[in-house]
Structure formats: structure tokens, C-alpha cells
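Numbering (the numbering used here), first residue to last: 9 to 292.
First up is the structure itself, then whatever we jot down about it.
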Amino acid sequence: MYIIGGTASKSIAKDLSKSLNIQQVETISKRFPDNEFYLRIVDDIKGEDVIIVQTTYPDSNIVELFLLQDAVRESEANEVTVIIPYFGYARQDTKFKDGEPISAKALARLISMNADKVITVDPHKEHILKFFSVPAFSCSAVEELAKYLNQKGVDMVLAPDKGALNRAKEASKIINCDFDYMEKTRIDGTTIEIKPKSLDSEGKNVAIIDDIVSTGGTMAKSIKELKKYGAKKVFVACTHGLFAGDAIKKLVSAGCNEIISTDTIKGEYSKVKVSPCFSKFFNK
Ligand code: R5P
Numbered sequence: 009m010y011i012i013g014g015t016a017s018k019s020i021a022k023d024l025s026k027s028l029n030i031q032q033v034e035t036i037s038k039r040f041p042d043n044e045f046y047l048r049i050v051d052d053i054k055g056e057d058v059i060i061v062q063t064t065y066p067d068s069n070i071v072e073l074f075l076l077q078d079a080v081r082e083s084e085a086n087e088v089t090v091i092i093p094y095f096g097y098a099r100q101d102t103k104f105k106d107g108e109p110i111s112a113k114a115l116a117r118l119i120s121m122n123a124d125k126v127i128t129v130d131p132h133k134e135h136i137l138k139f140f141s142v143p144a145f146s147c148s149a150v151e152e153l154a155k156y157l158n159q160k161g162v163d164m165v166l167a168p169d170k171g172a173l174n175r176a177k178e179a180s181k182i183i184n185c186d187f188d189y190m191e192k193t194r195i196d197g198t199t200i201e202i203k204p205k206s207l208d209s210e211g212k213n214v215a216i217i218d219d220i221v222s223t224g225g226t227m228a229k230s231i232k233e234l235k236k237y238g239a240k241k242v243f244v245a246c247t248h249g250l251f252a253g254d255a256i257k258k259l260v261s262a263g264c265n266e267i268i269s270t271d272t273i274k275g276e277y278s279k280v281k282v283s284p285c286f287s288k289f290f291n292k
């Protein structure tokens with residue numbers, strides 16, 4: 009078995025190659041002057057099972073994934089497993105209005121063309137796995153996030169909405185602390201309402217846990233509520249840290265003490281590795 013990491017997910021591929029004891033495929037890649045991507049697989053992978061790791065965000069990484077998949081197929085590899093650490097476009101998982109694409113389905117169909125199996129972590133909604141025409145699986149980064157939070161003296165885990173309740177509950181079990189949730193209503197892509205809720209957060213260190221932090225609006229409102237109810241420290245933890253626009257500024261000015269995300273989207277706050285979540289699929 010071999011593994012190849014696209015430019016968005018090189019470190020995850022490296023971590024997996026170590027933990028699974030498999031060789032990384034040697035590739036040559038560059039950008040042409042017009043920014044188009046060039047890729048060549050140097051190793052002979054004919055007849056080998058190959059894992060490709062690539063986050064589909066931002067858009068340029070989607071094209072790169074398609075080229076990686078094609079190069080692996082053209083090299084006559086055997087079984088191709090595509091690991092998508094962050095599955096971008098997953099939030100447009102239905103036709104909200106006539107005339108819209110189902111973006112998650114469009115991407116899943118194209119990825120399925122050159123894959124035998126797909127694995128992702130904390131997809132926005134589990135039903136998107138059905139959009140792939142090959143077997144698709146998901147895993148959760150909650151255990152890894154909770155292990156990190158456990159060293160921080162967290163007394164309570166909070167879900168910013170009911171949809172994230174199971175995630176908070178699971179993390180609280182690992183940390184051995186309380187959990188609760190907020191009442192959130194999404195008005196549009198950038199506006200949300202968080203209904204005030206009587207939270208027992210007085211003097212507590214609280215971790216708010218979610219799948220995605222995008223504009224930071226959801227987390228910022230939750231932090232403010234927690235602080236209103238006397239929380240001591242507030243940690244923001246997520247699997248996919250998009251941190252779009254001035255998200256970080258919003259979190260900090262709301263009173264966040266620490267921002268934690270996994271490395272599905274590499275950045276300053278990627279403090280938790282997701283590779284152990286994927287390893288489990290191959291160690292069975
Ligand atoms: C929504 O259901 C997700 O779980 C996140 O809460 C949402 O994507 C966060 O978005 P934002 O950071 O823009 O509020």
C-alpha cells in the first residue's frame with residue numbers, strides 16, 4: 009500500500025504513512041505561470057493499493073484532487089481510497105431554492121469516478137456520504153479534540169446548537185464533565201440568532217465544540233452568552249477551522265481564551281491531528 013498527500017493535506021499523509029507504516033509516493037508538482045497545476049507520479053504504483061489524501065478546500069485543491077486521482081488511475085493502481093479531511097461544499101447538501109445545484113452531490117459524483125472508497129471526518133451532515141457512488145465512510149475528531157481539552161481544566165462542554173449536542177456529550181464523557189447546548193436559529197449565511205438560555209457556567213472553564221467555524225458568528229455569540237452567565241475561561245474547539253474573514257478577531261473580542269482546530273485545514277490553530285481518526289480504518 010502507498011499513500012499520496014495533495015498539497016492541502018501533505019502533513020496528514022505523512023502522519024498516516026508513519027502510523028500505518030506505508031510508503032509515501034514520490035511526486036513532482038508545480039504551478040504553471042498561469043497557475044494551472046502540474047503533477048507527475050514518479051514511483052511505480054501499478055497493481056498497488058493507494059490512499060490519496062486531499063482536503064477539497066479552497067477550490068484549487070479540488071482540481072488538484074481530480075488530477076491526483078487521474079494520475080493514480082493512469083498509473084494502473086489497484087484499489088484507490090480517497091481520504092478527504094475537510095469535505096468543502098458539504099453545507100450545500102440540498103436544493104434550498106429552485107435552480108440551485110446540490111454542490112455536495114456534484115462533488116461526490118466527480119470524486120467517485122476515480123475512487124473505490126472514500127473516507128472523511130466530521131462531514132457537516134452524515135447523509136452526504138450517500139452522494140458518493142462508491143462506499144463512503146466518516147469518522148469523528150471529537151475524541152482527539154477532547155483529549156486536548158482534557159489538559160486545559162475544562163469543567164463543561166457546550167454545543168452551540170442542538171445539532172452539535174451529541175458531539176458535546178461525547179467530548180464531556182471523555183473529559184468527565186458536564187455538557188449543555190444553546191438554542192441557535194440560522195437566518196442566513198452570515199446571520200444567526202442565539203436564544204438566551206440559562207446556563208450554569210458561573211466560574212467554569214467552558215469548551216464550545218462544533219464541526220465548523222466559518223465566519224465565527226455562531227461561536228462569538230455563544231462566547232458572549234457564556235461570559236454573561238459568568239464563565240471563567242472559554243475555549244473554542246472545532247474539527248474544521250475555516251476562520252473566514254475576520255472570524256478570529258470576532259472570537260477574540262467576544263472573550264475567547266483559546267482557539268483550537270484540527271489540521272483538516274492547516275493553519276495557526278491546527279493544534280490537534282486527525283490522522284489517528286483515519287488510521288483506525290486501516291488497523292481493523
Ligand atoms: C452549522 O450547523 C455548523 O455546525 C456551524 O455551526 C457553522 O457552520 C458555523 O458557521 P459560522 O462560524 O459562520 O457561524
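Ideal Cβ positions, reconstructed from N, Cα and C, are used throughout, including at glycine.
The structure displayed is predicted, hence computed values, not measured ones.
Beta-bridge partners assigned by DSSP to Y277: none are found.
Secondary structure of L47 (DSSP, three-state): strand.
Annotation for V61: G13, S17, I20, A21 and I91 place their beta carbon closer than 6 Å to its own, counting only its chain and skipping 5 residues before and after.
Around the beta-carbon of V162, 16 or more other beta-carbon atoms lie within 10 Å, marking it buried.
Closest by C-alpha distance to D101, out of I127, V150 and R117, is R117. A distance of 8 Å or more separates the beta carbons of L153 and A112. Per DSSP, A167 lies in no alpha helix (DSSP H); the unbroken beta strand (DSSP E) holding it starts and ends at M164 to A167. Per DSSP, N158 lies in no beta strand (DSSP E); the unbroken alpha helix (DSSP H) holding it starts and ends at V150 to N158. In this structure, the CA atom of M190 is about 10 Å from the CA atom of E201.
K212 is classed as buried because its beta carbon has at least 16 other beta carbons within 10 Å across all chains shown.
With fewer than 16 neighbouring CB atoms inside 10 Å of its own CB, E34 falls in the exposed class. Relative to the ligand R5P, I220 has its C-beta within less than 7 Å of a heavy atom.
Taking a cut-off of 8 Å on C-beta distances, the segment 81-95 touches the segment 118-138, as three or more cross pairs fall below it. The beta-bridge partner set that DSSP reports for E201 consists of T193. When the five nearest sequence neighbours on each side are left out, the beta carbons in the same chain lying within less than 7 Å of the beta carbon of L250 are those of I220, V221, S222 and I273, in order along the chain. The three-state reading of DSSP puts V142 in coil, since its state is none of H, G, I, E or B. Between L24 and K288, the alpha-carbon positions lie close to 10 Å from each other. Between A255 and A215, the CB-CB gap reaches or exceeds 8 Å. Relative to the ligand R5P, M9 has its C-beta separated by 7 Å or more from all heavy atoms. The beta carbons of T247 and A149 sit closer together than 8 Å. Within the segment 195-252, the beta strand (DSSP E) runs of at least 3 residues that lie entirely inside it are, in chain order, 200-203, 213-221 and 241-249. For E178, the uninterrupted alpha helix (DSSP H) segment begins and ends at L173 to I183.
Taken through DSSP and simplified to helix, strand or coil, C264 comes out as coil. About 16 Å separates the CB atoms of L173 and S209; that is not less than 8 Å, and the two are not in contact.
DSSP places K125 within a strand segment (E or B) once states are collapsed to three. The C-alpha of T270 lies about 13 Å from the C-alpha of C147.
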